[in-house]
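Asker: In terms of numbering that gives the first Met the number 0, the sequence shown has 40 at position 41, counting the first letter as 1, and numbering is strictly consecutive. What follows is a single structure, and I will ask about it in a moment.
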Amino acid sequence: MTSIAAFSRFTSDLKEDGYLMPVLFMGHGSPMNGIEDNEFTQKWKELAKDIPTPKAVVVVSAHWLSKGTRITAMDFPKTIHDFGGFPQELFAVQYKAPGSPEIAKETAALIKSATVEMDHDWGLDHGAWTVIRHMYPEANVPVLQLSIDYTKGPQYHYDLAKELYNLRRKGVLIMGSGNMVHNLRMVAWDRLDDNAYGFDWALQINDTFKELIRNGHHDKLIKYEQLGREARLAIPTPEHYWPLLYTLGLKGSKDDVSFFNDKAVGGSLTMTSVKLG
């Protein structure tokens, strides 16, 4: 399938199958993970082998905030290099996965709580392509991004995610991409190479988040500002946390919960990731 028409035939009229696709939250970390071979990227590769090849991937990335909700609806989304100060090798990456206007329309139709606009300008930001290029290096799976409406609060994002549940039944992999603990202002840049180095508060709140996720206490995770000083340090701004709420909103009653890449980086970041299902 090398033509737009072929991908259109492939993705049109998605039908339910007997398998419920898992849903993921990916701690994406540094853009350099897009080109590095390390323990995090190796796990992404392993993960792709452990689950069925999806009919498409829909990513909710910390790096696409918009007023209102949008979804990429072009045939071939561009690779966005939304960062600076990194090696030219990283800027040279072009991840040429197709999009899917058909799946964009079907996704938008599922969402009743908001009017979803078809977007032809965005593409795949580093919250999406730096992870997915390790999972599907042949770029043969359609990839779409759903934006985060920055004018809305945590409960809204959690509830909106629930409306996407039927995509899981149709073989679509939905992925939130951010970081549970993400405080760039407090990073210990001189400790980035120290294995699993985390400040006490970062490790503590990361454990709290995992416990709440494991036990299904999503209400407390939605109201994260009530979890105390550690949560406020972990989430000085909410954009890297919101994708986790999209993942949690998609949890089914029988989904198993597992964690991977559960490590701190540079004191004030964690790569902790979640698989539901």
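Heads up, the beta-carbon is just placed ideally off N, CA and C, and yes, glycines get one too.
(1) Measuring alpha carbon to alpha carbon, tell me which of His62, Glu35, Val22 and Ala263 ends up nearest Asp49.
(2) In angstroms with no decimal places, state the Cα-to-Cα distance between Asp199 and Ile34.
(3) Taking all protein chains shown into account, decide if Lys253 is buried (16 or more other Cβ within 10 angstroms of its Cβ) or exposed.
(4) If you drop the 5 nearest sequence neighbours on each side, which residues of the same chain put their C-beta closer than 7 angstroms to that of Glu137?
(5) Could you tell me which uninterrupted beta strand (DSSP E) segments, each at least 3 residues in length, are contained entirely in the stretch 15-102, listed from first to last along the chain?
(6) Does DSSP classify Met174 as helix, strand or coil?
(7) List the DSSP bridge partners of Ile212.
(8) Going by the DSSP bridge assignment, what does Asp148 pair with across the sheet?
(9) On the criterion of 16 or more Cβ atoms from any shown chain inside 10 Å, does Leu183 qualify as buried, or is it exposed?
(10) For a test of the three-state rule: what should DSSP assign to Thr114, helix, strand or coil?
(11) For Lys274, which beta-bridge partners are listed by DSSP?
(12) Let me know the secondary structure DSSP gives His181 once reduced to three states.
(13) Name the residue from Asn260, Glu45 and Leu247 whose alpha carbon lies nearest to the alpha carbon of Lys161.
(14) Span of the alpha helix (DSSP H) holding Gln154?
(15) Could you check if Lys66 is buried or exposed, using at least 16 other CB atoms within 10 Å of its CB as the buried criterion?
(16) Tell me which residue opens and which closes the alpha helix (DSSP H) that Arg167 is part of.
(17) Output the boundary residues of the alpha helix (DSSP H) element that contains Tyr245.
(18) From Ile102 to Phe82, what distance separates their C-alpha atoms?
(19) Report yes if the CB atom of Val140 is closer than 9 angstroms to the CB atom of Ile147, and no otherwise.
(20) Please determine, among Val171, Leu163, Glu238 and Phe258, the residue with the shortest C-alpha to C-alpha distance to Val56.
(21) Could you please give me the residues that DSSP links to Gly197 through a beta bridge?
(22) Could you check what DSSP says for Leu232 in three-state terms: helix, strand or coil?
(23) Start and end of the alpha helix (DSSP H) containing His125?
Answerer: Reading it off the structure:
(1) For this step, residue 49 is matched to residue 50 along the sequence shown. When only C-alpha atoms are compared, the closest one is Val22.
(2) To locate residue 199, count along the sequence shown from 1; it is residue 200. To locate residue 34, count along the sequence shown from 1; it is residue 35. So the alpha carbons of these two residues sit roughly 30 angstroms apart.
(3) Looking up residue 253 in the sequence shown gives position 254. It counts as exposed.
(4) Along the sequence shown, one-based indexing puts residue 137 at 138. Taken in chain order, the list of residues that qualify is empty.
(5) 22-26, 55-60 and 68-71
(6) For this step, residue 174 is matched to residue 175 along the sequence shown. Here Met174 sits in strand by DSSP.
(7) Locating residue 212 in the sequence shown gives position 213, counting from the first residue. Ile212 pairs with nothing; no bridge assigned.
(8) Numbered from 1 along the sequence shown, position 149 holds the residue referred to as residue 148. Answer is Ser65.
(9) Reading the sequence shown from its first residue, position 184 is the one you call residue 183. Exposed, by the Cβ-count rule.
(10) As a position in the sequence shown, residue 114 is number 115, starting the count at 1. The answer is coil: DSSP assigns Thr114 none of H, G, I, E or B.
(11) The residue you call residue 274 lines up with position 275 of the sequence shown. Looking at the DSSP assignment, Lys274 forms a beta bridge with Leu23 and Ser257.
(12) What you label residue 181 is simply residue 182 of the sequence shown in a count that begins at 1. Of the three classes helix, strand and coil, the one that applies to His181 here is strand, per DSSP.
(13) The sequence position of residue 161 within the sequence shown is 162, counting from 1. Per the Cα distances, Leu247.
(14) Reading the sequence shown from its first residue, position 155 is the one you call residue 154. Element bounds for Gln154: Pro153 to Lys161.
(15) Working through the sequence shown from its first residue, we reach residue 66 at position 67. By the neighbour-count rule (16 or more Cβ atoms within 10 Å), Lys66 is not buried but exposed.
(16) For the purposes of this step, residue 167 is taken as residue 168 along the sequence shown, with counting starting at 1. Element bounds for Arg167: Tyr164 to Arg168.
(17) Numbered from its first residue, the sequence shown carries residue 245 at position 246. Residues Trp241 to Gly248.
(18) Stepping through the sequence shown from its first residue, residue 102 is reached at position 103. Stepping through the sequence shown from its first residue, residue 82 is reached at position 83. Straight-line Cα distance between these residues: approximately 28 angstroms.
(19) For the purposes of this step, residue 140 is identified with residue 141 of the sequence shown, where counting begins at 1. For the purposes of this step, residue 147 is identified with residue 148 of the sequence shown, where counting begins at 1. Contact flag unset, no.
(20) Translated into positions along the sequence shown, residue 56 becomes position 57. Of the listed residues, the one whose Cα sits closest to Val56 is Val171.
(21) Taking the sequence shown and counting its residues from 1, the one referred to as residue 197 is at position 198. Partner(s): Gly266.
(22) Here the question's residue 232 lines up with position 233 in the sequence shown. Of the three classes helix, strand and coil, the one that applies to Leu232 here is helix, per DSSP.
(23) Mapped onto the sequence shown, residue 125 falls at position 126. Looking at the DSSP string, the run of the alpha helix (DSSP H) that includes His125 is His125 to Met134.
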